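The end of the sequence shown is residue 377 by my numbering, with every number in the run present.
All residues carry an ideal CB built from backbone N, CA and C; glycine is no exception.
None of these values were measured; they are calculated from a predicted model.
Some notes on the structure that comes next.
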Amino acid sequence: MSGPLPGFFAPWVIFAAILGLHLLLPARRVVGYVRHELTDEPLRYRLNGLLVFGVSVGLWFGVGLSGVMPWDWLWEHRWSGAAGALTLGLLLSAAVVLTAPGGGGGLLRDLYLGRRFNPRLFGGRVDAKMFLYLAGGTLLELNLLSFASHHGLTFPADPSPGVVLYVALFTWFLADYFLFERVHLYTYDLFAERVGFKLVWGCLFWYPYFYAVGLWSVADLPNPHAPAWLAVLATVIFFAGWTLARGSNLQKFHFKRDPERAFLGLVPRTLSDGERRVLCSGFWGLSRHVNYLGEILMATGLALALGRPLALGPWLYPLYYAALLVPRERDDDRRCAAKYGPLWERYRERVPWRIVPRVY
Ligand code: NDP
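Below you can see the structure in the form of C-alpha cells.
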C-alpha cells in the first residue's frame, strides 16, 4: 500500500497494539498515591510498562528482520505518521473531555486541561494516564530506532557514532522511566492534573514525535566527525542530569511511603508543622525542584550527543524542557504554598533556590 494513509494510521495501529500488550501481559498490581475522588481510597494500578516496552521493541526488530517492512518505515512515513498521531490526539482529547460533565471552567479551558482526574478503562485494568505515557514513550522509542536505521541505511560506510550514542542515551531515559514506573505514581501529572488535550495530545503526538526532533533533524545528514570529547561531555552531562532527576524522584517516593526511611544511607531531615512534613535534605535540600534541572541536563546531553552543537534542531528539545519546566515549577510552588501554608514558607527560606542551586 502506498500514499499517506498507511503512515497516517500507523500510530493508531501501534497504540492499539500497545493497549493489547498492556492488557494481556502480566502486570504488577500496586497501590498508588492518588486517592479516589469520592471514596478517598488510594487508587490501584496494573503496571507492566517495561515489559510492554521491551516486547514492542522486540516486535519492531522482528518485523524489520523478517523483511515485511524496512527498518526505517516509520522514518519514511514520519510526516503522515505525525499527522495521524496529531489527529488521533485531538479526537481522543475531545472525546475524553466532552463525555464528562462540565466543571464550569469554560469549554476551552476544559478542553485543554480536562475534566476527569483519573479515568479508567476496561473495568479499572487500564489507568488512562499511565497508559498514555506508556503509548507515547513506546512509540517514541520505535521512532528513534527507525530514524537511526534510516541514518545507518543511508550512510552504511560512515554512520555517525553520535546517532548511536543519542539513541542509546534516549533508550536509557525511556527504559528508566518504565523501570521506575511506580515512582511516577507520586508525580504532579498523576495527582494534580486532569485528562484533557494537554495530556492526551501531549502523550500521543507531542511525546513520540517532537521529542525525536534532534534525530529527526539530523538523521539524513552525514557523519559530522565530531571530536570524541564532545561525546564524552554529552554522556557526562546526561548522567549528571539523570542522577539529579532519578535521585530526587526516588528520594521523594521513599519519603512519601516511609518518612523515616534512610535514602542512600542518609536519614531524611525534614521541616514539620506538627502535622505534615516536607523534605529539606539530600536532593530536596539543593533546590526546590532539582529534578527539573536534572531533566534539562539530560536533554542538553542528548542535544550534544548528536555531534552538531551549532545545529538548531537538536537544541529545540532542551529549550522546550526549559519552557515547560520553569512555569511548571511556579505552578507547583503556588500549589504547595496553598497546601502547606507557613510550612512551605519555612521550606522556601531554608531552600531558597527554585531549580538551579545558587543561581535560580
Ligand atoms: P515533583 O516530582 O517535583 O513533584 C512535586 C510535588 O512533590 C509537590 O506538589 C509536592 O506534592 C511534593 N513535594 C515538593 N517538594 C517536596 C519536599 N521538599 N518534600 C516532600 N514533598 C515535596 O514534580 P513533577 O511531578 O512535575 O515531576 C516528576 C518528574 O517528572 C520530575 O523528574 C520531572 O522533571 C519529570 N517530568 C518529566 C517530563 C517529561 O516530559 N519528560 C515532564 C514533566 C515532568 P505533595 O502534595 O505530594 O507534597
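Near the ligand NDP: Tyr334 beta-carbon under 7 Å from a heavy atom: Sequence index remark: in the sequence shown, residue 334 carries index 317 (1-based). No.
Rounded C-alpha distance that separates His201 from Phe78: As a first step, residue 201 must be located in the sequence shown, where it is residue number 184. As a first step, residue 78 must be located in the sequence shown, where it is residue number 61. Distance between the alpha carbons of His201 and Phe78 is about 28 Å.
The ligand NDP heavy atom lying under 7 Å from the CB of Glu277: For this step, residue 277 is matched to residue 260 along the sequence shown. No, the beta carbon of Glu277 sits no closer than 7 Å to any heavy atom of the ligand NDP.
Proximity below 8 Å, CB of Tyr203 to CB of Phe270: Here residue 203 corresponds to residue number 186 of the sequence shown, with the count starting at 1. Here residue 270 corresponds to residue number 253 of the sequence shown, with the count starting at 1. Closer than 8 Å, so yes.
For Leu238 and Ala145, the rounded distance between their alpha carbons: One-based indexing of the sequence shown puts residue 145 at position 128. One-based indexing of the sequence shown puts residue 238 at position 221. Taking the straight line from one Cα to the other gives about 38 Å.
Range of the contiguous alpha helix (DSSP H) that encloses Trp289: Here residue 289 refers to the residue found at position 272 when the sequence shown is read from its first residue. For the record, residue 289 in the displayed sequence is Ser; it is not Trp. From DSSP, Ser289 is part of no alpha helix (DSSP H) but of the beta strand (DSSP E) over 287-289.
Beta-carbon proximity of Asp206 to Arg263, cut-off 8 Å: Taking the sequence shown and counting its residues from 1, one reaches residue 206 at position 189. Taking the sequence shown and counting its residues from 1, one reaches residue 263 at position 246. Cβ distance not < 8 Å, so Asp206 and Arg263 don't count as in contact.
Among Leu130, Phe148, Glu362, Gly24, nearest to Leu103 - alpha-carbon criterion: Against the sequence shown, residue 103 aligns to sequence position 86. Selected option, being the one with the closest Cα: Gly24.
Cβ-heavy atom distance, Lys269 to the ligand NDP, below 7 Å: The count along the sequence shown starts at 1 and reaches residue 269 at position 252. Correct: Lys269 has its Cβ closer than 7 Å to the ligand NDP.
Closer than 7 Å: Asp237 CB and nearest the ligand NDP heavy atom: Your numbering for residue 237 matches position 220 in the sequence shown. No, the ligand NDP has no heavy atom inside 7 Å of this Cβ.
Residues that DSSP places opposite Phe280 in a beta bridge: Sequence index remark: in the sequence shown, residue 280 carries index 263 (1-based). Leu283.
Residue-chain proximity (Lys356, chain D), Cβ-Cβ < 8 Å: The structure shown contains no chain D, having only a single protein chain.
Within the stretch 254-337, ranges of the beta strand (DSSP E) (whole runs, at least 3 residues): 287-289, 294-296
Boundaries (first-last residue) of the beta strand (DSSP E) holding Phe51: For the purposes of this step, residue 51 is taken as residue 34 along the sequence shown, with counting starting at 1. According to the sequence shown, residue 51 is Val rather than Phe. Counting along the chain, the beta strand (DSSP E) containing Val51 begins and ends at 45-52.
Pairwise C-alpha distance: Gly330 and Pro244: Counting from 1 along the sequence shown, the entry for residue 244 is found at position 227. Counting from 1 along the sequence shown, the entry for residue 330 is found at position 313. Using only the alpha carbons, I get a separation of about 20 Å.
In chain order, each alpha helix (DSSP H) run of at least 4 residues that lies wholly inside the stretch 57-139: 66-83, 90-93, 95-115, 124-130
Beta-carbon proximity of Ser177 to Trp92, cut-off 8 Å: For this step, residue 177 is matched to residue 160 along the sequence shown. For this step, residue 92 is matched to residue 75 along the sequence shown. Their beta carbons are not under 8 Å apart, which means Ser177 does not touch Trp92 by this criterion.
Leu64 versus Gly71: straight-line alpha-carbon distance, rounded: Counted from its first residue, the sequence shown places residue 64 at position 47. Counted from its first residue, the sequence shown places residue 71 at position 54. Rounded to the nearest angstrom, the two C-alpha atoms are 14 Å apart.
Residue of Ser73, Val47, Val69 minimising C-alpha distance to Arg61: Sequence index remark: in the sequence shown, residue 61 carries index 44 (1-based). Ranking Ser73, Val47, Val69 by Cα distance to Arg61 puts Val47 first.
Exposure label - Arg126; buried when at least 16 CB within 10 Å: Counting from one through the sequence shown, the residue named residue 126 turns up at place 109. With fewer than 16 other Cβ atoms within 10 Å, it is exposed.
Classification of Gly248 by the beta-carbon crowding that lies within 10 angstroms, buried from 16 upward: Within the sequence shown, the letter at position 231 stands for residue 248. In the sequence as presented, Gly is not what sits at residue 248; that position holds Ala. Burial call: buried.
Residue of Trp301, Ala33, Glu292, Thr287 minimising C-alpha distance to Leu261: In the sequence shown, the residue the question calls residue 261 occupies position 244. Nearest C-alpha to Leu261: Trp301.
Heavy atom of the ligand NDP within 7 Å of Trp259 beta-carbon: Residue numbering aside, residue 259 sits at position 242 when the sequence shown is read from its first letter. Answer for Trp259: no, Cβ out of range of the ligand NDP.
Residue burial classification, Pro335 (beta-carbon count within 10 angstroms, cutoff 16): Sequence index remark: in the sequence shown, residue 335 carries index 318 (1-based). Buried is the call here.
The ligand NDP heavy atom lying under 7 Å from the CB of Asn160: On the sequence shown, position 143 is the one that residue 160 refers to. No.
Span separating the alpha-carbon of Leu22 from that of Asp349: Sequence index remark: in the sequence shown, residue 22 carries index 5 (1-based). Sequence index remark: in the sequence shown, residue 349 carries index 332 (1-based). Approximately 41 Å between the Cα atoms of the pair.
Thr204 CB to nearest heavy atom of the ligand NDP below 7 Å: Here residue 204 is taken as the residue at index 187 of the sequence shown, counted from 1. Yes, the Cβ of Thr204 comes within 7 Å of a heavy atom of the ligand NDP.
Cβ-heavy atom distance, Glu312 to the ligand NDP, below 7 Å: Within the sequence shown, residue 312 is the residue found at index 295, counting from 1. True, at least one ligand heavy atom lies under 7 Å from that Cβ.
Beta-carbon proximity list for Ala117, same chain, < 7 Å, skipping 5 on both sides: Here residue 117 refers to the residue found at position 100 when the sequence shown is read from its first residue. Result list for Ala117: Arg132, Arg133, in chain order.
Contiguous alpha helix (DSSP H) assignments of at least 4 residues, all confined to the stretch 168-202: 178-196
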